[in-house]
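There are 2 protein chains.
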Amino acid sequence: MDREKLRKYAEVIVKVGINVKEKDGVFISANTESLPLVREVVRACWKAGAKDVITDITDDDFILARYEEGHDYIFDYYPEIEIDYYESMMKNNYHDIYIGAPSIDLLKNVNQDYQRRSQEAEMKAMVRLDKYMNSGKLKWVGVGYPTAKWAKSVFPNLSEEEAVEALWEKIFDATRVNEEDPVKSWREHDANLKFYEKWLNDQNFEYLKYDGPGTDLTVYLADKHKWVGGSSETPDGDRYMANIPTEEIFTAPHAMKVDGTLKATKPFSRMGKIINNFSFVFKNGKVVEFKAEENPEILETFMDMDEGGCRLGEVAIVPHSSPISQTGILFKSTLFDENASCHFALGNSYAETIIGGENLSDEERKNLGANKSMIHIDFMVGGSELSIIGYKKDGSAVQIIKNGEWAI
Amino acid sequence: MDREKLRKYAEVIVKVGINVKEKDGVFISANTESLPLVREVVRACWKAGAKDVITDITDDDFILARYEEGHDYIFDYYPEIEIDYYESMMKNNYHDIYIGAPSIDLLKNVNQDYQRRSQEAEMKAMVRLDKYMNSGKLKWVGVGYPTAKWAKSVFPNLSEEEAVEALWEKIFDATRVNEEDPVKSWREHDANLKFYEKWLNDQNFEYLKYDGPGTDLTVYLADKHKWVGGSSETPDGDRYMANIPTEEIFTAPHAMKVDGTLKATKPFSRMGKIINNFSFVFKNGKVVEFKAEENPEILETFMDMDEGGCRLGEVAIVPHSSPISQTGILFKSTLFDENASCHFALGNSYAETIIGGENLSDEERKNLGANKSMIHIDFMVGGSELSIIGYKKDGSAVQIIKNGEWAI
Chain A
1 MDREKLRKYA
11 EVIVKVGINV
21 KEKDGVFISA
31 NTESLPLVRE
41 VVRACWKAGA
51 KDVITDITDD
61 DFILARYEEG
71 HDYIFDYYPE
81 IEIDYYESMM
91 KNNYHDIYIG
101 APSIDLLKNV
111 NQDYQRRSQE
121 AEMKAMVRLD
131 KYMNSGKLKW
141 VGVGYPTAKW
151 AKSVFPNLSE
161 EEAVEALWEK
171 IFDATRVNEE
181 DPVKSWREHD
191 ANLKFYEKWL
201 NDQNFEYLKY
211 DGPGTDLTVY
221 LADKHKWVGG
231 SSETPDGDRY
241 MANIPTEEIF
251 TAPHAMKVDG
261 TLKATKPFSR
271 MGKIINNFSF
281 VFKNGKVVEF
291 KAEENPEILE
301 TFMDMDEGGC
311 RLGEVAIVPH
321 SSPISQTGIL
331 FKSTLFDENA
341 SCHFALGNSY
351 AETIIGGENL
361 SDEERKNLGA
371 NKSMIHIDFM
381 VGGSELSIIG
391 YKKDGSAVQI
401 IKNGEWAI
Chain B
1001 MDREKLRKYA
1011 EVIVKVGINV
1021 KEKDGVFISA
1031 NTESLPLVRE
1041 VVRACWKAGA
1051 KDVITDITDD
1061 DFILARYEEG
1071 HDYIFDYYPE
1081 IEIDYYESMM
1091 KNNYHDIYIG
1101 APSIDLLKNV
1111 NQDYQRRSQE
1121 AEMKAMVRLD
1131 KYMNSGKLKW
1141 VGVGYPTAKW
1151 AKSVFPNLSE
1161 EEAVEALWEK
1171 IFDATRVNEE
1181 DPVKSWREHD
1191 ANLKFYEKWL
1201 NDQNFEYLKY
1211 DGPGTDLTVY
1221 LADKHKWVGG
1231 SSETPDGDRY
1241 MANIPTEEIF
1251 TAPHAMKVDG
1261 TLKATKPFSR
1271 MGKIINNFSF
1281 VFKNGKVVEF
1291 KAEENPEILE
1301 TFMDMDEGGC
1311 RLGEVAIVPH
1321 SSPISQTGIL
1331 FKSTLFDENA
1341 SCHFALGNSY
1351 AETIIGGENL
1361 SDEERKNLGA
1371 NKSMIHIDFM
1381 VGGSELSIIG
1391 YKKDGSAVQI
1401 IKNGEWAI
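Heads up: the sequence lines are chains A and B, in that order.
1 is the number of the first residue of the first sequence in this note's numbering; add one for each residue after it.
1001 is the number of the first residue of the second sequence in this note's numbering; add one for each residue after it.
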C-alpha cells in the first residue's frame, strides 16, 4: 500500500473524523491486520497534540482462540474491569477511533451458542456506558481497513493481493482520499449534508411514506425528532465526523407508530453469515412478521434481545447516486453499504436525533417515541425505484426522494 | 519459526511461568513483532481455563511516533487512568505475562530529555502499584522474543533471517524448550534451585565477601533476609516462575552496609545504549564513586532518580556454568544475561526477600535494611574468577562460590 495515501487517509481520520485538539485523549481500537494504517493514525494523533493515545490491538486468532479453547463459563462472563476502563476513558473525554473490517467467515465454525451468550453478556455489560455515549461529549469515528478475507469476499475472482489493492482503491474513492485535498473535500461535503439536514428539519414532517418493490410503509417520526447529517458537534463546539464515509441524513422514527411492509434491498451480514432477501411486517411499530430466504436466526437473535430490538430506532436518507453507490460494489460492510442506500435500523435510537436529547433520561426520550434497546442493526431499503413522501401536520405532502434521488 | 516449538514455549510460559488456573485473569503485554508467540500463549491461557485474557500489544512505531511527534507537555504526563486500569487488574488478581525484547537502537536518535522525563513520570505514577506487586498475590512472568534488531545485534555477521533463527535456538536452549519434556525439566530445575535456596537460608549469613578482578566488596544482608530462587508461591499456594529463564538465588542486601569496590563483568544496555567497563565504590551502602568507559549518564540518570537509586536492592548468585553461560553468547538482555552470572541490582528490593515482607510496610522493610526505590537495575559481577565467602554472626566463614562455581 502506497504510504502517502495511507497518510492522507490517516489525516482524514484524525482531522475530519475525531478532529483531535491539543490535550485530547484518544483511544484507537483496531486489528493486527490494519497495523500499517494504525501506525499513521497514531502518528497523526500525536502530531495534532494528543495528551495520550491508547491503542487496543486485537487479532483474529485471539478472538478465535477464546471460542475454540475457552471453558464454558466464560461465555456468560464479561469482565467488569474492562467496562471500568472504558468508563474512565469516557469520563476523561477520550475520543474513539474504530478501525475495522467485517469479520468474514472468522466465526463460521464456532459454537453458535457461545457466540450468542458472549454477545449478550457483552451488550448487557456495556449498558453502563450508554450515558457517556449519549452525552454528546465524545468525539468518535469508525473507518474501514481492507483485510485479505474481506477483500476476497468482495472480489472473489482476484488474487488476494489484487483484491486488497482493489478494495483499497474503492475505500479511497468512497472516503474522498483520492481527491486532491481530501480534508477540504470533506468540509465541502459536510456543508452539502448540512443543507439537506436543515431542509428536513425546517419541514418538520409528522410522518414519511415509503414506496418501493415490496415496500409500502408509513413511518411516523419521534416527537421533537431532529435530522442529523455530516459532522456532529460536542457541547464545547468541537466538530467530528462519526462515520467515514458518511452520506446519510438520519433521525429517530416513532417506535410505536410504524405500519406496513418493508423489504430490504441489500444483503445483511453479521457473525460471518449473510441474510439475503428479507422482509418485515410492522404493526404499531413492532415487527409482527419476519421472513428471510436463509439464516433468519441471525436477525431474530437480535430482535429477541429486548423489547426495543423489534422496533425501529433510525431512519436514514441517502441518494441512490452517492459515491458509495458509484463504486459499483457491495462492500458487505454496514459502514460503507449504509451510505449507498436509504436505510433503517432496528433497535436503539441516537440521543442526538431528539432535540435536546443529550440532556434527557432514557424514559423521557422514550416518551417522545425514541426507541431504546441494547442493539442497533442497520439494513438497506434504497434503490432506484424508491419513493419517500413527507407529510406535515397540516396534511400537506412533499416528495423527498423520487426514483432513489433527492426530489428537492 | 517451527510452530511446534512455539507451542512448547507457550506451554512453559503458561504452565510453569504463571501457572494459569481455572478462573484466573491474565494480562499479556507484548510487541507486534512477537505476535506468533502471543497467539500461542493466548490460546494456552484459554485452554488452561482463564476467565479473561487481556492483550496489550504495542509497536515500535507507536513508541517512536510519540517521541517524534508528541508535543512537549506530554513528556511530563503519565495518564492516571492507565494506572487505575492496572490497579483494577491487580486488585482482581490478574496475572501478568511480559513478552519482551531489548529495544536495540529504537530510541537512539530520540531527544534524551524527553526520554528521561517520560521515564520519570511513568515511574512516579507507577509507585501506586507497588503494594500490589509486593503483596505476593500476583503471579507474573517475563520471557523473551527474538526481534530482528535484537537478533542482529547478537549475531551481527548473520543475515536478519539467520540471526533470528539462531537467537531462537539460543532462547530455546536457555529456556529448556529444546528438551524432550520442557515442563518436567523445569520442575526438576526448580527442585535444584530450591536445594540451594534452603542451604543459603539455613546458613543465615550476616555478610558476604566478594573477590574478583576489580571487585573487593563486603555486602551485609538485610535483617530477616530470605534467599529466594526458582518458583515463588502465592498466599493461596499457587506456584509461579517470575522469570524464564531463571538460574539465580537472590536476596536483599542491607542498603546501609555495603563497602568496597565493585566492577561489572558484562555490559549494561538501556534506552538503546550500551555501557561497557563500569565500576562503583560503595561507602556505608551508598555509591560514592561511579566510572564508566562510555555513556555513564545512562546509569547515573537512574541512580539520581531517588535516595534508594544509588544503593543495592538485590544480591544474586548464579554459577558460571549455567545453561545461559553455556550458550556462549551475550544476549544483551538482562533477562538472559543476569542468569549467566552472579549479579547485583541497584534500587528497590523485593518484598519476598524479607521474611514476612509481604505483610510489612515500606518503612518496616526499610528498618530491616531492605532498600526502597523507584528503580531496579541489574548488573553483572560474575565470571570464572569470582569468589564469594559467607560470614556468620559467630565469625565462621563458608566458601559459597569458588572460581565462579558453587563450592558446596
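Just so you know, even glycine gets a beta-carbon here, dropped at the ideal spot from N, CA and C.
Nearest-angstrom Cβ-Cβ length linking residue 1094(B) and residue 1057(B), presumed shorter than 8 Å: Beta-carbon to beta-carbon, residue 1094(B) and residue 1057(B) are separated by about 16 Å, too far to satisfy the 8 Å threshold.
Mind checking which residues open and close the beta strand (DSSP E) that includes residue 1296(B)? Where residue 1296(B) is concerned, there is no enclosing beta strand (DSSP E), although the alpha helix (DSSP H) it sits in stretches over 1296–1303.
Using the Cα positions of residue 274(A) and residue 69(A), report the straight-line distance between them to the nearest angstrom. Taking the straight line from one Cα to the other gives about 26 Å.
With 7 Å as the C-beta to C-beta threshold (strictly closer), list the residues of the region 1141–1158 of chain B near chain A in chain order. The region 1141–1158 of chain B vs chain A, Cβ under 7 Å: nothing.
Which of the residues in the region 49–70 of chain A, read from start to end, lie with their CB under 8 Å from any CB of chain B? Along the region 49–70 of chain A, going in chain order, the ones with a CB nearer than 8 Å to a CB of chain B are 49, 50, 51, 52, 53, 54, 55, 57, 58, 59, 61, 62, 65, 66, 68, 69 and 70.
Is the region 352–369 of chain A in contact with the region 316–328 of chain A, if contact means three or more CB pairs nearer than 8 Å? Judged by pairs of C-beta atoms under 8 Å, the region 352–369 of chain A does not touch the region 316–328 of chain A, as fewer than three such pairs exist.
Could you pull out every unbroken beta strand (DSSP E) segment of at least 3 residues lying fully inside the region 1140–1178 of chain B, listed in chain order? The DSSP assignment places complete beta strand (DSSP E) segments of no fewer than 3 residues inside the region 1140–1178 of chain B at 1140–1144, in order along the chain.
I need the straight-line Cα distance from residue 246(A) to residue 185(A), nearest angstrom please. Straight-line spacing of the CA atoms in residue 246(A) and residue 185(A) works out to 13 Å.
Give the DSSP-derived three-state secondary structure of residue 74(A) in the structure shown. If DSSP states are grouped into helix, strand and coil, residue 74(A) belongs with the helices.
Going by DSSP, name the residue or residues bridged to residue 1067(B). For residue 1067(B), which the question treats as bridged, DSSP gives no partner whatsoever.
Could you tell me if residue 1197(B) is buried or exposed, where buried requires 16 or more neighbouring beta carbons within 10 angstroms of its beta carbon? Residue environment for residue 1197(B): buried (at least 16 other C-beta atoms within 10 angstroms of its C-beta).
Cβ of residue 1013(B) within 8 Å of any chain A Cβ: No, because no Cβ of chain A sits closer than 8 Å to the Cβ of residue 1013(B).
Start and end residues, alpha helix (DSSP H) containing residue 1334(B): It spans 1334–1337 - the alpha helix (DSSP H) in which residue 1334(B) sits, taken as one unbroken run.
Distance check for residue 120(A) and residue 76(A), CA to CA, integer angstroms please. One C-alpha to the other measures close to 8 Å.
Kindly say whether residue 1092(B), judged by its beta-carbon, lies nearer than 8 Å to any beta-carbon of chain A. Yes, residue 1092(B) counts as interfacial toward chain A.
Could you name the residues of the same chain whose beta carbon sits closer than 6 Å to that of residue 233(A), not counting the 5 residues immediately before and after it, in chain order? Scanning its chain for C-beta atoms nearer than 6 Å, with the 5 sequence neighbours on each side dropped, one finds around residue 233(A) the residues 239, in chain order.
At the 8 Å Cβ level, is residue 89(A) part of the contact set with chain B, yes or no? Between residue 89(A) and chain B, the shortest Cβ-Cβ separation is below 8 Å.
Jot down the residue ranges of each uninterrupted beta strand (DSSP E) in the region 1191–1241 of chain B, minimum 3 residues, whole runs only, in chain order. Restricting attention to beta strand (DSSP E) runs no shorter than 3 residues, the region 1191–1241 of chain B encloses them at 1207–1212 and 1215–1221, ordered along the chain.
Counting pairs of beta carbons, one from the region 1378–1387 of chain B and one from the region 1334–1349 of chain B, are three or more of them closer than 8 Å? A contact exists between the region 1378–1387 of chain B and the region 1334–1349 of chain B.
What number of angstroms, rounded off, separates the C-alpha of residue 221(A) from the C-alpha of residue 210(A)? Computed Cα separation, rounded: 13 Å.
Closer than 8 Å to chain A by CB, residue 1314(B): Using a Cβ-Cβ cut-off of 8 Å, residue 1314(B) does not count as an interface residue toward chain A, since no Cβ of chain A sits closer than that to its own.
Have a look at 1395(B), 1393(B), 1386(B) and 1033(B) and flag the residue whose alpha-carbon is nearest the alpha-carbon of residue 1164(B). Taking residue 1164(B) as reference, the option from 1395(B), 1393(B), 1386(B) and 1033(B) with the minimal CA-CA separation is 1033(B).
Just checking: is the beta-carbon of residue 47(A) within a distance shorter than 8 Å of some beta-carbon in chain B? With respect to chain B, the C-beta atom of residue 47(A) has a partner C-beta closer than 8 Å.
When you compare the CB of residue 1083(B) with every CB in chain A, is at least one pair closer than 8 Å? Look at residue 1083(B): its C-beta is not under 8 Å from any C-beta on chain A.
Distance check for residue 187(A) and residue 367(A), CA to CA, integer angstroms please. Distance between the alpha carbons of residue 367(A) and residue 187(A) is about 36 Å.
Residues in its own chain within less than 7 Å of residue 329(A) by CB, not counting five upstream and five downstream? Here residue 329(A) has 154 and 170 as same chain residues with Cβ atoms under 7 Å from its own Cβ, once five neighbours each way along the sequence are excluded.
Apart from the five residues just before and just after residue 14(A), which ones in its own chain have a Cβ nearer than 7 Å to its Cβ? These residues qualify, in order along the chain: 20, 41, 44, 45 and 48.
Whose C-alpha, out of 1029(B), 1012(B), 1125(B) and 1027(B), is nearest the C-alpha of residue 1174(B)? Out of 1029(B), 1012(B), 1125(B) and 1027(B), 1012(B) has the C-alpha closest to the C-alpha of residue 1174(B).
Which residue marks the beginning of the beta strand (DSSP E) containing residue 1105(B), and which one marks its end? According to the DSSP assignment, residue 1105(B) belongs to no beta strand (DSSP E), since it is labelled neither H nor E.
Please say whether residue 143(A) and residue 74(A) have beta carbons closer to each other than 8 Å? The criterion of a C-beta distance shorter than 8 Å is not satisfied by residue 74(A) and residue 143(A).
For residue 1304(B) versus residue 1374(B), is the C-beta spacing smaller than 8 Å? For the pair residue 1304(B) and residue 1374(B), the CB atoms are not nearer than the 8 Å cut-off.
Report the residue ranges of all beta strand (DSSP E) runs contained in full by the region 327–396 of chain A; include only those spanning at least 3 residues, in chain order. You should have 343–347, 376–380 and 387–391.
Note the first and the last residue of the continuous alpha helix (DSSP H) segment covering residue 42(A). DSSP places residue 42(A) inside the alpha helix (DSSP H), whose first and last residues are 35–47.
Note down the Cα distance separating residue 362(A) from residue 284(A), rounded to an integer number of angstroms. Distance from the CA of residue 362(A) to the CA of residue 284(A), rounded to the nearest whole angstrom, comes to 20 Å.
Out of curiosity, what's the CA-to-CA distance linking residue 1159(B) and residue 1384(B)? Answer to the nearest angstrom: the Cα atoms are 32 Å apart.
Quick test of the definition: if touching needs 3 or more C-beta pairs under 8 Å, does the region 1203–1217 of chain B touch the region 1260–1268 of chain B? Result yes; three or more Cβ-Cβ pairs closer than 8 Å.
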